[in-house]
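In mature numbering (1 follows the signal peptide of the UniProt record, and there is no 0), the protein residues as written are -30 to -1, 1 to 141.
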């Protein structure tokens, strides 16, 4: 039998003690998670997932025009549910109390075409959906502006070719 050095003996003793301490946990670790009930995602999460995957199904099936619902689905993740904005991994401007929103043209252009870190949404939102979002952020989120967005204003800012977010043109 080979004689172990003091360091090796301590290491062996430690590993043995660790193994013995872990034995009671083995049945729990071996239990399958397949017994857990499968939870269906909320429709909103499913729609966002399809959208993130570039799903044409989301683009063609989601026709909602409720501005608050659209805001909460597409905008609140960065601008916060109450429009307060955020600073962290990036800077997301506050929409609540933002004087740039007095007129819909500013918001309409950004929603359709994006700018810097903000992605463009014009490639999958209809004109009516863009108007619904601008109306909501002008009159909601603590803003008291009179909504003045319209379909013609959205159509006027849409590029003839979709915006490629990987080019300088997006900035």
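No residue lacks a Cβ here, since even glycine has one placed at the ideal position from N, Cα and C.
These numbers come from a predicted model, not from an experiment.
query, result
"Mind checking residue 99: buried by the 16 CB within 10 Å criterion, or exposed?", "buried"
"Pop quiz: residue 97 and residue 81 are said to be a contact at Cβ under 8 Å. What is the actual Cβ separation, rounded to whole angstroms?", "Actually they are not in contact, since the Cβ atoms of residue 97 and residue 81 sit about 11 Å apart, beyond 8 Å."
"Taking its Cβ as the centre, do 16 or more other Cβ atoms sit within 10 Å of residue -26, making it buried, or is it exposed?", "exposed"
"Residue 92: which of 126, 62, 114 sits nearest, CA to CA?", "126"
"Assign residue 24 to one of three DSSP states: helix, strand, or coil.", "Bear in mind that a pLDDT of 48 at residue 24, under 50, signals an unreliable position, so the number given afterwards is only what the model happens to contain. Coil, per DSSP."
"So the candidates are -23, 34, 103; which of them puts its Cα closest to the Cα of residue 73?", "103"
"So, using beta-carbon positions, are residue 58 and residue 49 closer together than 8 Å?", "no"
"Whole alpha helix (DSSP H) runs in the stretch 68 to 140 with 4 or more residues, listed along the chain?", "74 to 83, 97 to 109, 121 to 127"
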